[in-house]
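Mapping of the sequence shown onto my numbering: residues 1 to 299, in sequence order. Let me begin by presenting the structure, written as structure tokens, before commenting on it.
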Amino acid sequence: MNGASSYSGLVDRAFIFILGTSILLLIAVTAVMIFFIVRYRRSKNPNPAQIEGSTTLETIWTVLPTILVLVMFYYGWAGFKVMRDIPDGAMQVTVKAQMWSWLFEYENGKQSAELIVPTGRPVALNLTSSDVIHSFFVPAFRLKEDCMPGRTNHAWFESIRDGEYDLLCAEYCGDLHSAMLSKVVSVPADSFDAWLGLDAGPPTGRQLLTLRGCVACHTLDGKDLVGPSFKGVFGKTETVVLPDGTERQVTIDEEYLRRAILEPKAEIVKGYKDQMPEQRDLVTDEEVDALIKFIKGLQ
Ligand SMILES: [Cu+2]
Numbered sequence: 001m002n003g004a005s006s007y008s009g010l011v012d013r014a015f016i017f018i019l020g021t022s023i024l025l026l027i028a029v030t031a032v033m034i035f036f037i038v039r040y041r042r043s044k045n046p047n048p049a050q051i052e053g054s055t056t057l058e059t060i061w062t063v064l065p066t067i068l069v070l071v072m073f074y075y076g077w078a079g080f081k082v083m084r085d086i087p088d089g090a091m092q093v094t095v096k097a098q099m100w101s102w103l104f105e106y107e108n109g110k111q112s113a114e115l116i117v118p119t120g121r122p123v124a125l126n127l128t129s130s131d132v133i134h135s136f137f138v139p140a141f142r143l144k145e146d147c148m149p150g151r152t153n154h155a156w157f158e159s160i161r162d163g164e165y166d167l168l169c170a171e172y173c174g175d176l177h178s179a180m181l182s183k184v185v186s187v188p189a190d191s192f193d194a195w196l197g198l199d200a201g202p203p204t205g206r207q208l209l210t211l212r213g214c215v216a217c218h219t220l221d222g223k224d225l226v227g228p229s230f231k232g233v234f235g236k237t238e239t240v241v242l243p244d245g246t247e248r249q250v251t252i253d254e255e256y257l258r259r260a261i262l263e264p265k266a267e268i269v270k271g272y273k274d275q276m277p278e279q280r281d282l283v284t285d286e287e288v289d290a291l292i293k294f295i296k297g298l299q
């Protein structure tokens, strides 16, 4: 696949050089090996000869590989340096990874579950995680960088072509790791500015389900995933398991939903694993209200 970032050509150059060298060496070594097997087979050479060594040969097989790996190093370093030097004035986007979704926050506070970027402008990423180690991976941009809890990693890219590019998590991070997918959508700079400036107001309950990653584990159509579906859940009576293992019956009301969002470990619905990260520091009171209101209406 053709690279779609300003530095993808540098990454491809290093990759193709190393791959090409490896293939040539494989063919050369195999050919010499076969030649020696035939040429020096036992039936033709019953008495082995003593070989003293050859300075010329030893010099060649020391100098040639040294040059080869230095060229590999040069190509690798040239690309790496460009990828590490974030251009001044790049647009800043905060990437928040969590089990199992992505959230992108722009400088003006706008949030999105897909990474919308302007084509032809550098974008600097500040990568964080709210739970375990994830890895931000966009194959088309040749970009992969870890998202770690408790620290911020940095990366950047400049998309050179409009289009939609796959964005995946490249660090095994639990049950739904393989579903931790999103998109980078690269659009012309003026449409991007229009999108960014669009003041949509606070996100609705439905939008929050996507932005906060709820829908990674909870469906809206009654199907069972890692967690119970939201459909028809309000008003239901469920058996929940407390941290000490005791069980009790609860009716799912607003108060229960609030607890289930903020401190999910306190009461896990029986039959489900204790998997949900606490959302206490991740959602505001208004957002919880909006979420509860939406779930309540989902009968
Ligand atoms: Cu992940």
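For each residue, glycine too, the CB sits at the ideal point set by N, CA and C.
### Task
Give the secondary structure of Y75 by DSSP, where H, G and I count as helix, E and B as strand, and everything else as coil.
Shown here, Y75 sits in a helix according to DSSP, grouped into three states.
#### Entry: L125 vs F157 beta-carbon contact at 9 Å
yes
### Message
For A97 and S182, what's the separation of their Cα atoms in angstroms?
### Response
11 Å
### Residue span of the beta strand (DSSP E) that contains T237, given as start and end
T237 to V241
### Message
Quick check: the Cα distance between M33 and S54, rounded to an integer number of angstroms?
### Response
19 Å
### Message
Buried or exposed for L70, going by 16 or more other Cβ atoms inside 10 Å?
### Response
Exposed.
### Task
Give the secondary structure of T30 by DSSP, where H, G and I count as helix, E and B as strand, and everything else as coil.
helix
### Query
When the Cβ atoms of the stretch 127 to 138 are set against those of the stretch 161 to 181, are three or more pairs found closer than 8 Å?
Yes, the stretch 127 to 138 is in contact with the stretch 161 to 181.
### Task
For the stretch 260 to 277 and the stretch 105 to 125, state whether three or more C-beta atom pairs, one from each stretch, are separated by less than 8 Å.
no
### Message
Rounded to whole angstroms, what is the Cα-Cα separation between I239 and D221?
### Response
The sequence shown places Thr at residue 239, not Ile. C-alpha separation (whole angstroms): 21 Å.
### Message
Measuring only the C-alpha atoms, how far is S6 from I160?
### Response
6 Å
### Task
Measuring only between beta-carbons, confirm whether Q279 sits less than 9 Å from chain B.
Structure shown: chain B not included; a single protein chain is present.
### Query
Relative to ligand 1, what is the chain-ordered list of residues with a Cβ closer than 5 Å to any of its non-hydrogen atoms?
Residues with a Cβ closer than 5 Å to any heavy atom of ligand 1, in chain order: H134, C169, C173 and M180.
### Message
On the CB-based measure, 16 or more other CB atoms within 10 Å of its CB, does H218 come out buried or exposed?
### Response
buried
### Query
beta strand (DSSP E) containing R248: first to last residue?
E247 to T251
### Task
Tell whether a beta-carbon distance below 9 Å holds between V11 and M83.
yes
### Message
Within the continuous beta strand (DSSP E) that includes W156, where are the two ends?
### Response
Per DSSP, W156 belongs to the beta strand (DSSP E) from N153 to E158.
### Task
Apply the 10 Å Cβ neighbour rule to R248 and answer buried if 16 or more other Cβ atoms are within range, or exposed otherwise.
exposed
### Query
Exposed or buried, G201, counting other C-beta atoms within 10 Å across all chains shown (16 or more means buried)?
Within 10 angstroms of the beta-carbon of G201 lie fewer than 16 other beta-carbons, which makes it exposed.
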